[in-house]
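If you use my numbering, the sequence shown corresponds to residues -5 to 186, in order.
Each residue gets a CB set at the ideal place from its N, CA and C atoms; glycine is no exception.
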Amino acid sequence: MECFLLAGGESKRFGEDKLLFRIGALRTIDYVLREASRVCEKVFIVTKDPTKFRDFGVPAIEDLLPYRTPLAGIYTALKVCSRDKALILSGDIPLIKGEVLKLVEDGFREPITVLSCGERIHPLVGMYSSHLYTTVEEYLREGSRSVMGFLERVGYNTIGESMLRRVDPDLTSLTNMNTKEDLAKIVEILDR
């Protein structure tokens, strides 16, 4: 399985680059890389600025399209993926567990499978069919930028909360780090 960590965001709400922010001895993205590397044979970082991530031990790939949306990273991942599907992950989920990623792989159904928890869909923890890169490009060229809008257009499958709880009973894997308040919650969970 090939995994692509999306690292193109601007971290505006966090106030500094959240992916490079140290939580203990590791940077935020290091936690995600560690878990992805446990279950994926290849891991890549997709970013607007590959020079920021050249010392992470995995290839850093520059976004192929100039759009400011996670879909630009998804497009790049699907375009360069050498397999028929790609695991897409946000780089700001330091509590993700490898078992959750394996659950997504094992539960994959065409064209897209993502996690859902309650009413919330998590499109940046999902498996996408590689052939969708042309559809992503068309969608972006139309001026659309919404990841959920894209999923609704092409159709998607979900792995629900009950399945997720089997490998992540406290549902901490989906905790992303957008603000310093989120950071405090993540540190508290890591300190348990």
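Counting of Cβ neighbours within 10 angstroms places glutamate 29 among the buried residues, the total reaching 16 or more. Between the alpha carbons of glycine 120 and glycine 137 lies a distance of about 23 angstroms. Contact check for asparagine 151 against arginine 103 passes: the beta carbons are separated by less than 8 angstroms. Residue environment: threonine 45 is assigned as exposed (fewer than 16 neighbouring CB atoms within 10 Å of its CB, all protein chains considered). In this model, alanine 66 and glycine 2 are separated by some 9 angstroms (Cα to Cα). Under the three-state reduction of DSSP output, proline 64 falls in the helix class. Around the beta-carbon of arginine 147, fewer than 16 other beta-carbon atoms lie within 10 Å, marking it exposed.
For arginine 114, the enclosing beta strand (DSSP E) covers residues 114 to 123. The C-alpha of tyrosine 127 lies about 24 angstroms from the C-alpha of valine 94.
Within the region 32 to 61, complete alpha helix (DSSP H) segments of at least 4 residues are not found at all. Looking at the backbone, the Cα of serine 5 and that of glutamate 132 are separated by about 27 angstroms.
Our two residues, leucine 72 and methionine 171, have alpha carbons roughly 25 angstroms apart in a direct line.
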